[in-house]
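K.L.:
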Ligand code: TEU
Ligand code: CA
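Numbering (this note's numbering), first residue to last: 46 to 605.
1) Would you mind reading off the limits of the alpha helix (DSSP H) that contains residue 359?
2) Can you tell me whether residue 272 is buried or exposed, with buried defined as 16 or more other CB within 10 angstroms of its CB?
3) Within 10 Å of its beta-carbon, does residue 503 have 16 or more other beta-carbons around it, so buried, or fewer, so exposed?
4) Applying the criterion that 16 or more other CB atoms from any shown protein chain within 10 Å of the CB defines a buried residue, is residue 70 buried or exposed?
5) Can you tell me the Cβ-Cβ gap for residue 121 and residue 74, rounded? I've got them flagged as a contact below 8 Å.
6) Helix, strand or coil, according to DSSP, for residue 531 in the structure here?
7) Assess contact between the stretch 375-394 and the stretch 452-468, defined as three or more Cβ pairs (one per stretch) separated by less than 8 Å. Is contact present?
8) Could you tell me which of 93, 66, 134, 62 sits nearest to residue 109, measuring between CA atoms?
9) Verify whether the separation of the beta carbon atoms of residue 416 and residue 507 is less than 7 Å.
10) Taking Cβ positions, are residue 57 and residue 409 nearer each other than 7 Å?
11) Since residue 577 is in the beta strand (DSSP E), which residue starts that stretch and which ends it?
12) How would you label residue 180, buried or exposed, when you count the other beta carbons within 10 angstroms and need 16 or more for buried?
13) Below 7 Å CB to CB, which residues in the same chain sit around residue 46 once its five sequence neighbours on both sides are set aside?
14) Just checking my contact of residue 472 with residue 495 at CB under 8 Å: how many whole Å lie between their CB atoms?
15) Can we count residue 74 as close to ligand 2, meaning its CB is less than 6 Å from some heavy atom?
16) Is there at least one non-hydrogen atom of ligand 1 closer than 6 Å to the beta-carbon of residue 299?
17) Which of helix, strand or coil does DSSP assign to residue 295?
18) How about residue 105: is its Cβ closer than 6 Å to a heavy atom in ligand 2?
19) Can you tell me which of the three DSSP states residue 310 falls into?
20) Regarding residue 68 and ligand 2, is the C-beta to nearest heavy atom distance less than 6 Å?
21) Rank 527, 370, 393, 274 by C-alpha distance to the C-alpha of residue 412 and give the top, closest one.
22) Based on DSSP bridge pairs, tell me the residues matched to residue 548.
23) Which first and last residues belong to the alpha helix (DSSP H) in which residue 81 is found?
24) At what residues does the beta strand (DSSP E) containing residue 59 begin and finish?
25) Can you find the residues in the same chain that come closer than 7 Å, C-beta to C-beta, to residue 48, ignoring five residues on each side of it along the sequence?
26) State yes or no: is the C-beta of residue 174 within less than 7 Å of the C-beta of residue 219?
27) According to DSSP, which residues form a beta bridge with residue 246?
28) In whole angstroms, what is the alpha-carbon distance linking residue 452 and residue 194?
29) Counting C-beta neighbours from all protein chains within 10 Å, is the total for residue 450 16 or more, i.e. buried, or is it exposed?
30) Any chance the stretch 142-156 sits against the stretch 238-249, with 3 or more Cβ pairs inside 8 Å?
Okay, here's the thing in structure tokens:
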């Protein structure tokens with residue numbers, strides 16, 4: 046195998062949330078055989094890689110991000126044989142497969158933790174992070190779990206608190222223990238030896254905690270202690286070790302999920318010379334609407350800010366290191382509802398986002414349903430929601446006396462279940478996702494937004510995705526060209542030039558519901574440039590004055 050062939054720089058990745066993708070047996074839960082049955086759809090879409098969210102054995106406190114057996118598949122999703130078949134059939138269809146690996150924490154039902162909590166001298170005790178109860182009866186520190194409440198839980202059995210950055214069913218692992226690290230590396234090899242093509246590494250920059258677990262100074266009540274567990278003191282040593290011992294031996298791609306990184310700190314993970322990861326997911330642009338405290342503290346934002354963040358990352362990673370390009374995933378609200386306009390300009394704005402993703406420098410990730418323009422959902426009653434983060438928030442804010450309406454508005458705006466309603470395959474009952482009762486309700490708009498209808502409509506969001514994915518592959522300038530932003534001061538249009546020795550692309554994206562006129566800057570060479578892509582059927586263009594329609598996307602191409 047050719048090492049480090051960097052195929053992932055040219056790839057388009059499609060993210061699958063298995064529980065909501067396709068149910069093959071009518072139990073209402075998406076499964077591995079369901080994915081197999083839709084490989085043709087993915088092949089025709091043109092994606093090169095599927096990233097499959099966790100399918101390992103799990104009690105599902107956090108839908109699989111709480112693993113109780115890394116070497117087995119949870120029965121809701123199928124069997125190891127089904128997984129082997131998925132790997133084989135994906136490869137037959139020319140699609141590589143990346144698994145989601147959760148190694149910052151396990152489930153509290155993982156045999157390691159069941160042992161660990163028994164006593165302080167149990168051999169597995171040190172696989173997790175424990176603290177003696179403070180003498181004054183307080184918590185070990187003021188860190189807040191990402192899923193509400195304290196990040197510590199007392200275990201009666203061994204008489205200590207354990208750390209859980211996420212739910213109490215997700216105890217954090219102690220990466221300082223070399224035995225634990227060896228066990229994790231074995232798990233990685235187990236899957237790589239089955240022929241998978243890489244990993245998405247969940248919360249991988251959380252694995253090294255500042256010793257002593259200091260409280261966040263000056264804080265009232267519980268707060269996120271991010272500075273004490275994200276990008277911690279040993280994180281790069283640990284990742285380099287995993288790279289040396291495991292990743293570097295295979296022709297794979299690795300992408301780390303890393304909230305709270307800057308272009309400078311991200312480069313420490315993805316600089317080829319350091320030997321850690323190929324890419325990371327940074328969160329700056331998707332946290333644009335986040336206030337000081339946490340994701341539920343929502344603040345207004347502007348297109349100008351959004352552009353400047355995207356552009357900053359374009360400029361800093363690319364020559365050294367590499368970007369991952371995304372505007373949605375299973376933890377985020379739907380991109381078209383958030384960054385586009387899911388009412389009057391649903392199709393146009395979904396295509397604007399697609400054009401951006403497919404023309405920026407980096408590896409683009411499409412989240413299931415994004416290619417259909419799937420939108421956020423507003424379920425009337427909290428009982429329709431399933432996400433542990435959402436349900437914990439609801440309880441916390443209800444207990445604090447926040448009015449129901451205000452809580453629901455937060456959930457509508459930013460709740461993770463927005464992204465987790467079933468994939469909309471057709472207009473039949475339950476959107477063709479299941480013949481049973483889906484584990485979470487379908488978005489009522491499936492009658493109009495669905496794959497079957499969109500395949501038949503040449504002007505659909507889905508067909509536009511196909512076109513753009515093919516376009517990206519036909520123009521290496523998108524992978525290796527330089528990046529330069531235009532109209533930086535505009536609060537409506539995002540525009541940039543991509544250029545290499547053969548071609549120049551001039552991308553113009555109207556991120557507003559207004560039409561306006563744009564004077565193309567003198568330093569953009571339009572001589573012989575043609576309209577290569579348009580989301581409104583624009584065929585040709587001449588001169589230097591562009592009349593942009595609302596949410597218009599246009600890409601000009603000049604061959605040199
Ligand atoms: O997410 C980590 C993470 O930090 C986010 O959940 C974040 O808290 C949220 O998006 C609010 O900004 C990963 C997985 O993607 C997520 O699904 C898991 O719940 C979480 O880790 C725990 O494994
Ligand atoms: Ca099923």
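C-beta: ideal position from N, C-alpha, C; glycine also.
Owing to the predicted nature of the structure, the values given are computational and were not obtained by experimental measurement.
P.N.:
According to the data block:
1) Mapped onto the chain shown, residue 359 falls at position 314. Segment 348-361, the alpha helix (DSSP H) holding residue 359.
2) Along the chain shown, one-based indexing puts residue 272 at 227. Flag for residue 272 reads exposed.
3) Taking the first residue of the chain shown as position 1, residue 503 is located at position 458. Per the 10 Å Cβ criterion, exposed.
4) As a working mapping, residue 70 is identified with position 25 in the chain shown. Looking at its Cβ environment, which holds fewer than 16 other Cβ atoms inside 10 Å, residue 70 is exposed.
5) Residue 121 sits at position 76 when you count from the first residue of the chain shown. Residue 74 sits at position 29 when you count from the first residue of the chain shown. Right, the Cβ-Cβ distance comes to about 5 Å (below 8 Å), so this counts as a contact.
6) Residue mapping note: residue 531 aligns to position 486 of the chain shown, counting from 1. DSSP places residue 531 in strand when its eight states are reduced to three.
7) yes
8) Here residue 109 is taken as the residue at index 64 of the chain shown, counted from 1. Closest option to residue 109, Cα to Cα, is 62.
9) Along the chain shown, one-based indexing puts residue 416 at 371. Along the chain shown, one-based indexing puts residue 507 at 462. Yes; because the gap between Cβ atoms is below 7 Å, this pair is in contact.
10) Taking the chain shown and counting its residues from 1, the one referred to as residue 57 is at position 12. Taking the chain shown and counting its residues from 1, the one referred to as residue 409 is at position 364. Yes, Cβ-Cβ distance for residue 57 and residue 409 is below 7 Å.
11) To locate residue 577, count along the chain shown from 1; it is residue 532. Unbroken beta strand (DSSP E) run through residue 577: 575-579.
12) By one-based count along the chain shown, residue 180 stands at place 135. Answer is exposed; the Cβ neighbour count stays below 16.
13) Taking the first residue of the chain shown as 1, we reach residue 46 at position 1. Bear in mind that a pLDDT of 35 at residue 46, under 50, signals an unreliable position, so the model cannot answer this.
14) Against the chain shown, residue 472 aligns to sequence position 427. Against the chain shown, residue 495 aligns to sequence position 450. Rounded, the Cβ-Cβ distance is 6 Å, consistent with contact.
15) Translated into the one-based positions of the chain shown, residue 74 becomes position 29. Under cutoff, so the answer is yes.
16) Walking along the chain shown from the start, residue 299 turns up at place 254. Outside the cutoff, so no.
17) As a first step, residue 295 must be located in the chain shown, where it is residue number 250. Of the three classes helix, strand and coil, the one that applies to residue 295 here is coil, per DSSP.
18) Residue 105 sits at position 60 when you count from the first residue of the chain shown. Placement of the Cβ of residue 105 at a distance of 6 Å or more from every heavy atom of ligand 2 is found.
19) Within the chain shown, residue 310 is the residue found at index 265, counting from 1. In the displayed model, residue 310 falls within a helix according to three-state DSSP.
20) Taking the first residue of the chain shown as 1, we reach residue 68 at position 23. Yes, since a heavy atom of ligand 2 falls inside the 6 Å radius drawn around the Cβ of residue 68.
21) Here residue 412 is taken as the residue at index 367 of the chain shown, counted from 1. Per the Cα distances, 370.
22) The residue given as residue 548 occupies position 503 in the chain shown. DSSP, once it has assigned bridges, lists 604 as partnering residue 548.
23) For this step, residue 81 is matched to residue 36 along the chain shown. Element bounds for residue 81: 77-82.
24) Indexing the chain shown from 1 puts residue 59 at position 14. Looking at the DSSP string, the run of the beta strand (DSSP E) that includes residue 59 is 58-61.
25) On the chain shown, position 3 is the one that residue 48 refers to. Low confidence applies to residue 48: its pLDDT is 46, below 50, so where it sits in the model is not reliable, and the reading given next is rough at best. Correct list, in chain order: 296.
26) For the purposes of this step, residue 174 is taken as residue 129 along the chain shown, with counting starting at 1. For the purposes of this step, residue 219 is taken as residue 174 along the chain shown, with counting starting at 1. Going by C-beta atoms, residue 174 is nearer than 7 Å to residue 219.
27) Here residue 246 refers to the residue found at position 201 when the chain shown is read from its first residue. 146, 301.
28) Taking the first residue of the chain shown as 1, we reach residue 452 at position 407. Taking the first residue of the chain shown as 1, we reach residue 194 at position 149. C-alpha separation (whole angstroms): 17 Å.
29) To locate residue 450, count along the chain shown from 1; it is residue 405. It counts as exposed.
30) Yes, the stretch 142-156 touches the stretch 238-249.
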